[in-house]
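J.: Okay, here's the structure, questions in a sec.
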Amino acid sequence: MARHSGNRDHDRTASEPRRRAGRNRRRRGRGGAVAALSAAVAVVVAVAGVGFYVFGSSGTCGGRDIALKVAASPDIAPALSGVAARFNAEEHAVDDRCVTVEVRGVDSADVAYGITGAGPTMGDTDSQVWIPDSSLWTDIVSSDSGDATVTDTGTSLAQSPLVLATPQEEKKKEEDKGEGGADPSWKTLVPTSSAAAAYDVRVVDPVRSSSGIATLSLVSAALGDGSEPQLIAALQGLQKGSAASEEDAFDALEKGGGDSGMPALVLSEQAATRYNAEHDDAPAVVDYPNGGTYTLDYPYVLRTADPLESRAAEAFRAAATGKDAVKELTGEGFRDSEGAADTRALPADMGFQEAPPKGLPTPSEKAVRSLTETWNQLKLNTRMLTLVDISGSMAEPVAGTPYTRMQVTSKAAAEGLGLFPEQAEIGLWEFSVRINNDLDYRETVPIRALNDEVDGASQKDTLGAALTGAEPKPDGDTGLYDSILAAHREMSRTYKTDRVNTILVLTDGNNDDPGSISLKKLLATLEEEFAPSRPVAVISIAFGPDVDPEPLRKIAKATRGAAYSTDDPSEIGEIFLKSFALRIKGQGQGQGGGN
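In structure tokens, the structure reads:
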């Protein structure tokens, strides 16, 4: 999936704790490369970043410092950085050794999936303390943590209820027309099979977002049992306004209304304050849904069994719940653990209420898994063009296996076709350099529904045969950029509004066609031709020790896609297996992310 973009508000000056980028890593999972890569072609994920806040003590304590790593949800990490700075300056000691706290902003989903191995993660998720934004994540982890230590201390550092944010100007227009109406409820928030909605609702992808997961659960609970058609219609409505990250959701809200109602974004109170700080010329006002809402609770979780580290974590927990810490957190738009708010940070004129709203229970892990499975299955109304690298390097063996890169890639992708519904539309291109006269790419199988029949064979069987029969071009180079641009133009030209239109690129090399378009021009062209209302995302995976993943990351960013890379081709399968599992099986995968 996503680092929450709203933290742009908290960028530090040179005199404050510095931010630094983390090295991407992934938790190894189960399964072989061939079987795992079968899931690759079903991935539609989004990329997010990780922020780091680092502090050091003066070193006057005796002995070696006890380094305490804290992985905190990115929305609360900036405030906790101030707490950690004071804590370190005060030189707290355990057994006469100074405790040095390092607070890092890490998406809760990344840590959860890093612990369970159920989805792809981005950045270093290891820590002795974990502060996710919601107990939803600790519940998910608790049943699948393996031999990992995950201990919920029962301490909540802050609260932030979910609200509905709408552009102030558009809300005023509705009220002036006498159409403001009563506060929304979770039941009336989205369209169902029997009723339209007054709002054009946006949520952050539930696969990686607490607010998104909670929204699905709250809508489902409001609709009640025996309402599957209404729930499906509601989820389909939410998917139309689903954003891969908080940053994308903010951008969508800023752009304003659509044809289906007043634009509205489900987010936490604190996220709403960050949105308004970034958009003070066009802020949003908030509403609290009738009947109550779910509240993010920021639990303090231990991930260590080491006695010294546990005592160090307890010392920092005491500091993080102290008076100064509470003041800093509430000043940033959080409520304290009892629900009390700083009305200067949550002003009434923007719709915030001083008293905490009625709290609704945390959705069960079973409900979360069921809803996200349904969500992901609905998203598999796919139209995808797969680009497979057939350059000469694809003939190289995968270490530790009897297979070549080409064999691993093509065989697993062919097996993965069975994971798609029959209505999914998939086609195949191969690319190298000048394999189709002067072109670097060629169409092997046109895009059709998997259950279409051509010359007595189904599209699924035709694709499978083409994939398993793919052969590397001896001494062939990699015409990556021209192929991606051509594929993007073709998918944009033939775009289907009722499907998720995606390009999946599988490659083991950098662009090395001297006559091709440059990366700079490719990015400029993609950005110019990319249509947000008709998005075609480029999802890529680069493997092999010599690949530079940065160009693919830039291409992914330009198309709202995702880019993965690994030095070890045998890891490709497990990366995509995790990603696909989360898309299909609910909290068993990851949205999002690339590295």
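Heads up: the sequence shown runs through residues 1 to 595, numbered per full-length UniProt numbering. Glycine included, C-beta positions come from ideal geometry on N, C-alpha and C.
Can you confirm whether the segment 466-474 touches the segment 390-402 when touching is taken to mean that 3 or more C-beta pairs between the two stretches lie within less than 8 Å?
T.: Yes, since at least three Cβ pairs between the segment 390-402 and the segment 466-474 fall closer than 8 Å, the two stretches touch.
J.: Threshold first: 4 residues or longer. Then list the alpha helix (DSSP H) segments lying entirely within the segment 281-359, N to C.
T.: Entirely contained in the segment 281-359, the alpha helix (DSSP H) runs reaching 4 residues are, in chain order, 307-320 and 323-331.
J.: Between the alpha carbons of threonine 382 and asparagine 501, how many angstroms are there, rounded?
T.: Reading the sequence shown from its first residue, position 382 is the one you call residue 382. Reading the sequence shown from its first residue, position 501 is the one you call residue 501. The straight-line gap from Cα to Cα measures roughly 6 Å.
J.: Just to check my reading of the structure: tyrosine 294 and leucine 162 have Cβ atoms closer than 8 Å, yes? What is that Cβ distance to the nearest angstrom?
T.: Position 294 of the sequence shown, counted from the start, is the residue given in the question as residue 294. Position 162 of the sequence shown, counted from the start, is the residue given in the question as residue 162. Confirmed, Cβ separation roughly 5 Å.
J.: Can you tell me the Cα-Cα spacing of alanine 221 and alanine 340, whole angstroms?
T.: The residue you call residue 221 lines up with position 221 of the sequence shown. The residue you call residue 340 lines up with position 340 of the sequence shown. Rounded to whole angstroms, alanine 221 to alanine 340 spans 27 Å at the Cα level.
J.: Going by the beta-carbon positions, is the gap between threonine 330 and aspartate 336 smaller than 8 Å?
T.: Here residue 330 is taken as the residue at index 330 of the sequence shown, counted from 1. Here residue 336 is taken as the residue at index 336 of the sequence shown, counted from 1. Against a cut-off of 8 Å, the Cβ pair of aspartate 336 and threonine 330 comes out as a contact.
J.: Give me the DSSP bridge partner(s) of glutamine 159.
T.: Position 159 of the sequence shown, counted from the start, is the residue given in the question as residue 159. Answer is Arg335.
J.: Beta-carbon within less than 7 Å of aspartate 297's beta-carbon, same chain only, minus the 5 sequence neighbours each way: which residues are those?
T.: By one-based count along the sequence shown, residue 297 stands at place 297. Only Ser134, Ser135, Ser156 and Gln159 meet the Cβ criterion.
J.: Check the C-beta distance from phenylalanine 431 over to aspartate 440 and give it rounded, since I have them as a contact under 8 Å.
T.: The count along the sequence shown starts at 1 and reaches residue 431 at position 431. The count along the sequence shown starts at 1 and reaches residue 440 at position 440. Their Cβ separation, rounded to whole angstroms, is 5 Å, which keeps phenylalanine 431 and aspartate 440 in contact under 8 Å.
J.: Over what stretch of residues does the beta strand (DSSP E) that includes asparagine 436 continue unbroken?
T.: The sequence position of residue 436 within the sequence shown is 436, counting from 1. Residues 425-436.
J.: If contact is defined by three or more beta carbon pairs under 8 Å, each pair taking one atom from either stretch, is the segment 451-462 in contact with the segment 481-488?
T.: Segments in contact, no.
J.: Which of helix, strand or coil does DSSP assign to proline 184?
T.: What you label residue 184 is simply residue 184 of the sequence shown in a count that begins at 1. Correct three-state label for proline 184: coil.
J.: Exposed or buried, proline 132, counting other C-beta atoms within 10 Å across all chains shown (16 or more means buried)?
T.: Within the sequence shown, residue 132 is the residue found at index 132, counting from 1. Counting Cβ neighbours within 10 Å, proline 132 comes out buried, since at least 16 surround it.
J.: For isoleucine 426 versus threonine 468, is the C-beta spacing smaller than 8 Å?
T.: Here residue 426 corresponds to residue number 426 of the sequence shown, with the count starting at 1. Here residue 468 corresponds to residue number 468 of the sequence shown, with the count starting at 1. For isoleucine 426 and threonine 468, no; Cβs fall outside 8 Å.
J.: Note down, one range per segment and in chain order, each alpha helix (DSSP H) of at least 4 residues found wholly within the segment 505-578.
T.: The segment 505-578 contains these whole alpha helix (DSSP H) runs: 519-529 and 550-559.
J.: Could you say if the segment 526-533 and the segment 551-567 meet the contact criterion of at least three C-beta pairs nearer than 8 Å?
T.: Segments in contact, yes.
J.: Are there 16 or more other CB atoms within 10 angstroms of the CB of asparagine 451, so buried, or fewer, so exposed?
T.: Within the sequence shown, numbered from 1, the residue matching residue 451 stands at position 451. With fewer than 16 other Cβ atoms within 10 Å, it is exposed.
J.: Check threonine 100 in the structure and name its three-state DSSP category.
T.: Residue numbering aside, residue 100 sits at position 100 when the sequence shown is read from its first letter. Of the three classes helix, strand and coil, the one that applies to threonine 100 here is strand, per DSSP.
J.: By Cβ distance, which residues of its chain are closer than 6 Å to tyrosine 495, with the 5 residues on each side in sequence left out?
T.: Sequence index remark: in the sequence shown, residue 495 carries index 495 (1-based). The residues are Asn501 and Arg534.
J.: Measuring only the C-alpha atoms, how far is aspartate 477 from threonine 497?
T.: Position 477 of the sequence shown, counted from the start, is the residue given in the question as residue 477. Position 497 of the sequence shown, counted from the start, is the residue given in the question as residue 497. Each residue's Cα considered, the two are about 35 Å apart.
J.: By alpha-carbon positions, which one of Leu504, Leu522, Ala112 and Gly62 ends up nearest to glycine 561?
T.: For this step, residue 561 is matched to residue 561 along the sequence shown. Among Leu504, Leu522, Ala112 and Gly62, the Cα nearest to that of glycine 561 belongs to Leu504.
J.: Within a Cβ cutoff of 8 Å, which residues of the same chain sit near leucine 267, ignoring the five residues on either side of it in sequence?
T.: Position 267 of the sequence shown holds residue 267. So the qualifying residues of the chain are Leu162, Val163, Ala165, Val204, Ser211, Glu246, Ala249 and Tyr275.
J.: Taking a contact to mean a Cβ-Cβ separation below 8 Å, would you say glutamate 373 touches glycine 333 in this structure?
T.: Sequence index remark: in the sequence shown, residue 373 carries index 373 (1-based). Sequence index remark: in the sequence shown, residue 333 carries index 333 (1-based). No; because the gap between Cβ atoms is not below 8 Å, this pair is not in contact.
J.: Compare the beta carbon distance of leucine 480 and threonine 444 with 8 Å and say whether it is the shorter of the two.
T.: By one-based count along the sequence shown, residue 480 stands at place 480. By one-based count along the sequence shown, residue 444 stands at place 444. No, these two residues do not count as a Cβ contact at 8 Å.
J.: Helix, strand or coil for threonine 404 per DSSP?
T.: On the sequence shown, position 404 is the one that residue 404 refers to. The answer is strand: DSSP assigns threonine 404 an E or B state.
J.: What's the C-alpha gap between lysine 411 and alanine 233?
T.: What you label residue 411 is simply residue 411 of the sequence shown in a count that begins at 1. What you label residue 233 is simply residue 233 of the sequence shown in a count that begins at 1. If I take the Cα positions, the gap works out to 36 Å.
J.: What separation, rounded to the nearest whole angstrom, lies between the Cα atoms of aspartate 389 and alanine 531?
T.: Locating residue 389 in the sequence shown gives position 389, counting from the first residue. Locating residue 531 in the sequence shown gives position 531, counting from the first residue. Each residue's alpha carbon lies about 26 Å from the other.
J.: Please state whether DSSP places tyrosine 495 in a helix, a strand or coil.
T.: What you label residue 495 is simply residue 495 of the sequence shown in a count that begins at 1. Coil at tyrosine 495, not helix or strand.
J.: What first and last residue would you give for the alpha helix (DSSP H) that runs through threonine 125?
T.: The sequence position of residue 125 within the sequence shown is 125, counting from 1. Neither: threonine 125 is in no alpha helix (DSSP H) and is coded neither H nor E.
J.: Compute the Euclidean distance between the alpha carbons of tryptophan 375 and leucine 428, then round it to the nearest angstrom.
T.: Here residue 375 is taken as the residue at index 375 of the sequence shown, counted from 1. Here residue 428 is taken as the residue at index 428 of the sequence shown, counted from 1. Going from the Cα of tryptophan 375 to the Cα of leucine 428 covers about 26 Å.
J.: To which residues of the same chain is serine 310 closer than 7 Å at the C-beta, ignoring the five residues directly before and after it?
T.: Along the sequence shown, read from residue 1 onward, the residue named residue 310 stands at position 310. These residues qualify, in order along the chain: Leu302 and Thr304.
J.: Would you report the Cα separation of serine 370 and arginine 86, rounded to the nearest angstrom?
T.: As a first step, residue 370 must be located in the sequence shown, where it is residue number 370. As a first step, residue 86 must be located in the sequence shown, where it is residue number 86. About 43 Å.
J.: Could you give the residue range of the alpha helix (DSSP H) that holds proline 78?
T.: On the sequence shown, residue 78 is found 78 positions in, with the first residue counted as 1. Unbroken alpha helix (DSSP H) run through proline 78: 77-89.
J.: Measure the C-alpha to C-alpha separation of glycine 114 and tyrosine 199 and round it to an integer number of angstroms.
T.: Taking the first residue of the sequence shown as position 1, residue 114 is located at position 114. Taking the first residue of the sequence shown as position 1, residue 199 is located at position 199. If you take the alpha carbons of glycine 114 and tyrosine 199, they lie about 36 Å apart.
J.: Does the Cβ of valine 34 have 16 or more other Cβ atoms within 10 Å, making it buried, or fewer, making it exposed?
T.: The sequence position of residue 34 within the sequence shown is 34, counting from 1. For valine 34, the predicted structure reports a pLDDT of 35, less than 50, and the residue's modelled location is therefore unreliable. The matter cannot be settled from this model.
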